[in-house]
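In what follows, a single structure is set out as structure tokens and then discussed.
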Amino acid sequence: MKVSARLENLLIRSLSQSMNVDMMEKLAGYVIPDYNLHDSTGFPANIPIPQITAARQITKDMERSNYLLKFVEKLVDVNKNGVMGNRIGIRFLSQIINETEEHGFKFDPATGIFIEADNRKTKGWGILQQGRIYEFSFLRFDIVENSRLVRKYPAAIIRNAYDDFKKLVKSIVEKRNGRIWNWEGDGGLASFYLGGKNIQATLSGIEILMELFMYNLLQCKIGEGIHTRIAVHTGPSIFSENIDSIQNDTLRRLETIENEHTESDSLTLSPGVFSDLGGKLERFFRQRTVSEGNYLYFFRLEWEET
């Protein structure tokens, strides 16, 4: 992000007045591994670096490396929890947070991170960096028998129903801090990155099934309704604004789970996702054996027998 002069000055004053140079370098190293202040400033190793010079250099390096948000998050953490048992009060911290939020971000105390404000919803939450690898929870969804529906019903009815489905999915995913990464007309891919990502992806999948059931019952102009398969899997993936360029084992595994192991009107989870749910959610899922030692877990809406 482009940093204002006011935020730069606040950070420089805060660092220089809150800690010594060694601590500044230590905090910078939490954000940029192997950070070396002498190398960055050009000062010989045997020459002490003035505090104001160190503070200014670290602020510039964080901005240049696109790590400034993470550095401010670290300052918040240090102010709350200290470093190795040592309490450090960060001066001007509330002003730093307010000024950072003026750049279009909001601080979430629950997770301790900044994310983009509600009026800006990008694929990377405003914090992910192009070409870097992150841990995601992915939700893949697909309309069942799309080709047959397109042939059977008028184009206007199909278009309206699919538009409604897209709005439904987008609203549910974004409500839980997920992002739609790809939409292909009859399905797509959503990602979850922030706290509790596996639970949020799972709850989104459940809600999509429930809301789609009600939509088919009350609103859908397609007589038989529209039906979907949903799968959730977690794992590492590179981040790119060009979603079509992303190819990795995590997304390939997700596609296999959705295509080959998920029935209509159901949600399938991989073991890594299921293990995060806890007892309250686990009881809604049934285990399915794919092969020896290989299990998946599925949920579907069913009428209860009376």
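Just so you know, we're using my numbering here: the sequence shown kicks off at 910 and counts up by one.
The C-beta atom is built at its ideal place from N, Cα and C for all residues, glycine as well.
Small disclaimer: the values here were computed from a predicted structure and weren't measured.
The ligand GDP heavy atom lying under 7 Å from the CB of residue i
i: Leu1121; result: This structure lacks the ligand GDP; in fact it carries no ligand of any kind.
Minimum Cβ-Cβ distance from residue i to chain B less than 8 Å
i: Arg1197; result: Although the question refers to chain B, the structure presented lacks it and comprises just one protein chain.
Local conformation of residue i per DSSP, three classes
i: Ser1179; result: coil
i: Asp1110; result: Residue 1110 is actually Ala in this sequence, not Asp. Correct three-state label for Ala1110: helix.
i: Asn1096; result: Residue 1096 is actually Gly in this sequence, not Asn. Strand at Gly1096.
i: Lys975; result: It is Asn, not Lys, that sits at residue 975 in the sequence shown. Note: Asn975 maps to coil in three-state DSSP.
i: Glu1116; result: helix
i: Arg1088; result: strand
Opening and closing residue of the alpha helix (DSSP H) in which residue i lies
i: His1142; result: It is not in any alpha helix (DSSP H) - His1142 instead sits in the beta strand (DSSP E) that spans 1137-1147.
i: Phe1194; result: Careful: Phe1194 lies outside any alpha helix (DSSP H) and carries neither H nor E.
i: Asp1158; result: 1158-1170
i: Tyr1071; result: 1064-1084
i: Ile1006; result: 1002-1010
i: Asp948; result: 946-950
i: Asp1051; result: Where Asp1051 is concerned, there is no enclosing alpha helix (DSSP H), although the beta strand (DSSP E) it sits in stretches over 1042-1052.
i: Ser1056; result: 1055-1061
i: Leu1103; result: From DSSP, Leu1103 is part of no alpha helix (DSSP H); its letter is neither H nor E.
Neighbour-count burial assignment, residue i, 16 or more Cβ in a 10 Å radius
i: Ala954; result: exposed
i: Gly1033; result: buried
i: Arg1138; result: buried
i: Asn975; result: exposed
i: Arg1085; result: buried
i: Val1199; result: exposed
Where the beta strand (DSSP E) containing residue i begins and where it ends
i: Ser927; result: Ser927 -> not in any beta strand (DSSP E); alpha helix (DSSP H) instead, spanning 914-927.
i: Arg1209; result: 1203-1209
i: Lys1015; result: 1014-1017
i: Glu1025; result: 1022-1025
Rounded distance between the beta-carbons of residue j and residue i, thought under 8 Å
i: Ile1005; j: Ser923; result: 6 Å
i: Leu1178; j: Thr1111; result: 6 Å
i: Ala964; j: Ser925; result: 4 Å
Open item on the list: Between the region 1038-1050 and the region 1090-1104, can you find at least three pairs of beta-carbon atoms closer than 8 Å?
Closed with: yes
- [ ] Check whether the region 1115-1127 touches the region 1023-1034, taking contact to mean three or more Cβ pairs, one atom from each stretch, closer than 8 Å.
- [x] no
Task: Validate contact between the region 927-936 and the region 959-977 using beta carbons, cut 8 Å, 3 pairs - done: yes
TODO: Inspect the CB distances between the region 1059-1079 and the region 1127-1146 and report whether three or more fall short of 8 Å.
DONE: yes
- [ ] Count the C-beta pairs between the region 940-952 and the region 971-988 that are closer than 8 Å, then say yes if the count reaches three, no if not.
- [x] yes
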